[in-house]
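Sequence lines, in order, name chains A and B. According to the numbering used here, the first sequence is numbered sequentially starting from 1. According to the numbering used here, the second sequence is numbered sequentially starting from 359. Structure, as structure tokens:
There are 2 protein chains.
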Amino acid sequence: MHAVIMAGGRGTRFWPRSREKKPKHLLDIVSDRTIIQETVDRIKPLIKPKNILIVTGQKHARELMRQLPEVPAKNILIEPVGRNTAACIGLAAVHIQKKVKDDVMVVLPSDHGIADPAKYRSVIAAAAEAAEKKSALVTIGLAPTSPHTGFGYMEGGASAGKAAGEKLLRVKAFREKPNLEQARIFLQNGNFFWNSGMFVWQASVILKEIEKFLPDLHSGLMTIHASLGTSSEARTVSKIYKSLASVSIDYGVMEKAKDVFMIPASFGWSDVGSWDTLWEISPKDPQGNAIAGGSHTLYENAENTLVYSPNKLVALIGIKDVLVVETKDALLVCQRGQSQDVKKIVDALEAEGKRQLI
Amino acid sequence: MHAVIMAGGRGTRFWPRSREKKPKHLLDIVSDRTIIQETVDRIKPLIKPKNILIVTGQKHARELMRQLPEVPAKNILIEPVGRNTAACIGLAAVHIQKKVKDDVMVVLPSDHGIADPAKYRSVIAAAAEAAEKKSALVTIGLAPTSPHTGFGYMEGGASAGKAAGEKLLRVKAFREKPNLEQARIFLQNGNFFWNSGMFVWQASVILKEIEKFLPDLHSGLMTIHASLGTSSEARTVSKIYKSLASVSIDYGVMEKAKDVFMIPASFGWSDVGSWDTLWEISPKDPQGNAIAGGSHTLYENAENTLVYSPNKLVALIGIKDVLVVETKDALLVCQRGQSQDVKKIVDALEAEGKRQLI
Numbered sequence: 001m002h003a004v005i006m007a008g009g010r011g012t013r014f015w016p017r018s019r020e021k022k023p024k025h026l027l028d029i030v031s032d033r034t035i036i037q038e039t040v041d042r043i044k045p046l047i048k049p050k051n052i053l054i055v056t057g058q059k060h061a062r063e064l065m066r067q068l069p070e071v072p073a074k075n076i077l078i079e080p081v082g083r084n085t086a087a088c089i090g091l092a093a094v095h096i097q098k099k100v101k102d103d104v105m106v107v108l109p110s111d112h113g114i115a116d117p118a119k120y121r122s123v124i125a126a127a128a129e130a131a132e133k134k135s136a137l138v139t140i141g142l143a144p145t146s147p148h149t150g151f152g153y154m155e156g157g158a159s160a161g162k163a164a165g166e167k168l169l170r171v172k173a174f175r176e177k178p179n180l181e182q183a184r185i186f187l188q189n190g191n192f193f194w195n196s197g198m199f200v201w202q203a204s205v206i207l208k209e210i211e212k213f214l215p216d217l218h219s220g221l222m223t224i225h226a227s228l229g230t231s232s233e234a235r236t237v238s239k240i241y242k243s244l245a246s247v248s249i250d251y252g253v254m255e256k257a258k259d260v261f262m263i264p265a266s267f268g269w270s271d272v273g274s275w276d277t278l279w280e281i282s283p284k285d286p287q288g289n290a291i292a293g294g295s296h297t298l299y300e301n302a303e304n305t306l307v308y309s310p311n312k313l314v315a316l317i318g319i320k321d322v323l324v325v326e327t328k329d330a331l332l333v334c335q336r337g338q339s340q341d342v343k344k345i346v347d348a349l350e351a352e353g354k355r356q357l358i
Numbered sequence: 359m360h361a362v363i364m365a366g367g368r369g370t371r372f373w374p375r376s377r378e379k380k381p382k383h384l385l386d387i388v389s390d391r392t393i394i395q396e397t398v399d400r401i402k403p404l405i406k407p408k409n410i411l412i413v414t415g416q417k418h419a420r421e422l423m424r425q426l427p428e429v430p431a432k433n434i435l436i437e438p439v440g441r442n443t444a445a446c447i448g449l450a451a452v453h454i455q456k457k458v459k460d461d462v463m464v465v466l467p468s469d470h471g472i473a474d475p476a477k478y479r480s481v482i483a484a485a486a487e488a489a490e491k492k493s494a495l496v497t498i499g500l501a502p503t504s505p506h507t508g509f510g511y512m513e514g515g516a517s518a519g520k521a522a523g524e525k526l527l528r529v530k531a532f533r534e535k536p537n538l539e540q541a542r543i544f545l546q547n548g549n550f551f552w553n554s555g556m557f558v559w560q561a562s563v564i565l566k567e568i569e570k571f572l573p574d575l576h577s578g579l580m581t582i583h584a585s586l587g588t589s590s591e592a593r594t595v596s597k598i599y600k601s602l603a604s605v606s607i608d609y610g611v612m613e614k615a616k617d618v619f620m621i622p623a624s625f626g627w628s629d630v631g632s633w634d635t636l637w638e639i640s641p642k643d644p645q646g647n648a649i650a651g652g653s654h655t656l657y658e659n660a661e662n663t664l665v666y667s668p669n670k671l672v673a674l675i676g677i678k679d680v681l682v683v684e685t686k687d688a689l690l691v692c693q694r695g696q697s698q699d700v701k702k703i704v705d706a707l708e709a710e711g712k713r714q715l716i
């Protein structure tokens, strides 16, 4: 079994900590390990580091190797440009085919938090069994814990038996991010699951599906496959990649494919997607104040705050529902619930030509 | 004419900028000059630097000399310990007597903002004329612009004619800091004035009043007077000062004296007493955001904020009515209207033994 960790994100939403040179998954935001280190640590008991592939951009490759010494350097696959998840997964699939003809591949985002890693591994092992037995596409469906409007949902269909003790369902339909009213209905219904972005299938199976629904991508991937290990590999990958359309695997394949299965699961998943989310998943004092990164913080009548400031004392007076993030060259003070607008700050800095701050 | 600038304050209310080693009046909070430099700049056209005395503590003397090269070093009078304004003014008075037998002394706090310095000097010149002609205690009464509860008030009494074109009134009564209801009545009445803490009188006159109401202080001052210029001066001042009671000139003398006059005045006075006050007197953008110290600040839906962060970009998202102050080793985020609680943070740091942060 192979793991494929997709580590191509820009992660501007954790600005000012995340920067172009150091996106979210390369930062120690949740613990003293970086998010990608946690992802590898979590899957390692199930899949050996020599079978863990990481797909990333050129500028992050060196830092990834530094952070993950146990993963062989040749397992860091470089995308010359970002072309969304269909291309990323296809690239990993042809690498696996080149290496071992065929194998089950477990596709994982690089930036999730998991409270129960043992359960997580059981579910993945079950998904791998199902993927192999049925030669089909298998996803992990997360039982929703809130009417979240930021995720896509999957509707559960007919039962397809069990795999390694886990229930297996057909996926009846994929649903785009809902509005709040819809999300509430999904939550109440009980048969809708968050699309976790975790996929399990054989390399040969996903490539066949790509051939069916994204023939241009497939032909590009075949050209890349032929070049792997030759002197023209880098040139070919670069040329092909630039010509590819940017399509997500969900939109490009999953929503169109016939045989898609899902294992409904609960293992304390969280999308560590923003400073707001970090506050939500962080331990807090009785007043709701959370500290990230060991900051020395003094409170005077402060509630529901998050502070990241590892090198400097912070004093909060009369402050409620505020996120404070301090780095060497920038300071963010953000009302809770509005951290998605961090992107606007990054855009403004880009417009001002302040490259060193983004 | 001599000026006596009282520069003994701790200024903890401007933490984290103000520190024990650098209280408020030694900081460039309002402009690119420090507050004490502005005070000297403002009075210099009326009183030559060689006649400007500054009373301060030992640990701030060197910095004062550095900031005020035009003031002779011997004019920096050191109090071995702080003993409130009666002792401070008495010490300056005996120095003036030693130097020139007698002279009018203009007593000024070190930390006020004045929008109209020309008018300010006219009023002080008029007060000096009155103080000399009547051999009496003269104060400056500020026409209140709001029902402020943080200042003492003086009630105007009978007219006492004019001095250099300015109206002169007897002071009928001193009133301690009022509650809001009282303050509103004072404001509406029109005959109540803020006690500015600026006093004008002859050295001989204030010493006579001190003799009458604070005989112990007077006898101590006489001992100091006799020691000035002798080899025992430092020892004597130190010994006497430690034995003195801590009494304000208002409570100790002004409220008890018979012949106290006031010049009612308006010259754009402000007490730069806290980060809240600084926001109030600062120029603001249409959303009410003020920047102190040239900070590079980006706003996304921010209103009525103050930012001091000269060395670091600040991004505010969805933040309203917040004061943000960033220094090399500390960061303050404070709800507007609560900056008086900065003192509690300083106290907490003291309790934690974090001497380097206070």
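Heads up, the beta-carbon is just placed ideally off N, CA and C, and yes, glycines get one too. Keep in mind the model is a prediction, meaning the values are calculated, not measured.
At a CB distance below 9 angstroms, what residues from the stretch 309-321 of chain A approach chain B? Give them in sequence order. 309, 311, 312, 313, 314, 315, 316, 317, 318, 319 and 320
With respect to the alpha helix (DSSP H) encompassing residue 633 of chain B, which residues constitute its N-terminal and C-terminal limits? 633-639
Per DSSP, which residues does residue 330 of chain A bridge with? Please list them. B/671
Could you pull out every unbroken alpha helix (DSSP H) segment of at least 4 residues lying fully inside the stretch 105-142 of chain A, listed in chain order? 117-134
Which residues in the same chain as residue 387 of chain B place their Cβ atom closer than 8 angstroms to its Cβ, once the five residues preceding and following it in sequence are excluded? 372, 375, 393, 630, 636 and 650
Assign residue 314 of chain A to buried or exposed, taking buried as 16 or more other Cβ atoms, counted over all protein chains shown, within 10 Å of its Cβ. The residue is buried, with at least 16 neighbouring Cβ atoms inside 10 Å.
Helix, strand or coil at residue 271 of chain A [DSSP, three-state]: strand
Local conformation of residue 624 of chain B per DSSP, three classes: coil
For residue 606 of chain B, the nearest candidate out of B/448, B/384, B/360 and B/433 (CA to CA): B/448
Residue from B/663, B/581, B/601 and B/557 whose Cα sits closest to the Cα of residue 618 of chain B: B/557
Could you check whether the stretch 284-291 of chain A touches the stretch 138-153 of chain A, counting it as contact only if at least three pairs of C-beta atoms, one from each stretch, sit closer than 8 angstroms? no
For residue 109 of chain A, count neighbouring Cβ atoms within 10 angstroms of its own Cβ and tell me buried if that reaches 16, exposed if not. buried
What distance in whole Å lies between the Cβ atoms of residue 362 of chain B and residue 463 of chain B, which are believed to be in contact at a cut-off of 8 angstroms? 5 angstroms
For residue 430 of chain B, I'd like the list of residues in its chain whose CB is within less than 8 angstroms of its CB, leaving aside the five on either flank, ordered along the chain. 407 and 408
For the stretch 152-160 of chain A against the stretch 189-197 of chain A, are there 3 or more C-beta pairs whose distance is under 8 angstroms? yes
Is the shortest distance between the beta-carbon of residue 292 of chain A and the beta-carbons of chain B less than 8 angstroms? no
Are residue 224 of chain A and residue 86 of chain A touching if we call contact CB-CB under 8 angstroms? no
Distance between residue 12 of chain A and residue 25 of chain A (C-alpha atoms, nearest Å): In this structure, the CA atom of residue 25 of chain A is about 11 angstroms from the CA atom of residue 12 of chain A.
Which residues in the same chain have their Cβ closer than 7 angstroms to the Cβ of residue 319 of chain A, if we skip the five residues on either side of it in sequence? 302 and 305
What three-state label does DSSP hand residue 189 of chain A in the structure shown? helix
Give me the DSSP bridge partner(s) of residue 557 of chain B. B/465 and B/497
Give the DSSP-derived three-state secondary structure of residue 290 of chain A in the structure shown. strand
Look at the Cβ atom of residue 586 of chain B, then the Cβ atom of residue 456 of chain B, and state whether they are nearer than 8 angstroms. yes
When the Cα atoms are used, what is the spatial distance from residue 509 of chain B to residue 539 of chain B? 14 angstroms
For residue 78 of chain A versus residue 167 of chain A, is the C-beta distance shorter than 8 angstroms? no
Which whole-angstrom value is the C-beta distance of residue 472 of chain B and residue 626 of chain B, which I expect to be below 8 angstroms? At roughly 6 angstroms, the Cβ-Cβ gap stays under 8 angstroms, so residue 472 of chain B and residue 626 of chain B are in contact.
Using the rule of at least 16 other Cβ atoms within 10 Å of the residue's Cβ for burial, across every protein chain shown, is residue 441 of chain B buried or exposed? With 16 or more Cβ atoms within 10 Å of its Cβ, residue 441 of chain B is classed as buried.
Check for me: the beta strand (DSSP E) holding residue 418 of chain B runs from which residue to which? Not the beta strand (DSSP E): residue 418 of chain B falls in the alpha helix (DSSP H), residues 416-425.
When we look at the beta-carbon of residue 667 of chain B and count the other beta-carbons within 10 Å, is it buried (16 or more) or exposed? buried
Taking residue 701 of chain B as the reference, give the member of B/359, B/364 and B/378 with the closest Cα. B/378
Which residues in the same chain as residue 345 of chain A place their Cβ atom closer than 8 angstroms to its Cβ, once the five residues preceding and following it in sequence are excluded? 15 and 332
Contacting residues, own chain, Cβ-Cβ under 6 angstroms from residue 288 of chain A (five flanking each side not counted): 303 and 304
N- and C-terminal bounds of the alpha helix (DSSP H) containing residue 157 of chain A: Unbroken run through residue 157 of chain A is the beta strand (DSSP E), 153-163; no alpha helix (DSSP H).
Taking 8 angstroms as the limit between beta carbons, can you name the residues of its chain near residue 205 of chain A, skipping five residues before and five after? 131, 135, 136 and 137
When burial is assigned at 16 or more other CB atoms within 10 Å of the CB, is residue 591 of chain B buried or exposed? Counting Cβ neighbours within 10 Å, residue 591 of chain B comes out exposed, since fewer than 16 surround it.
Tell me whether residue 416 of chain B is buried or exposed, calling it buried when 16 or more other Cβ atoms sit within 10 Å of its Cβ. exposed
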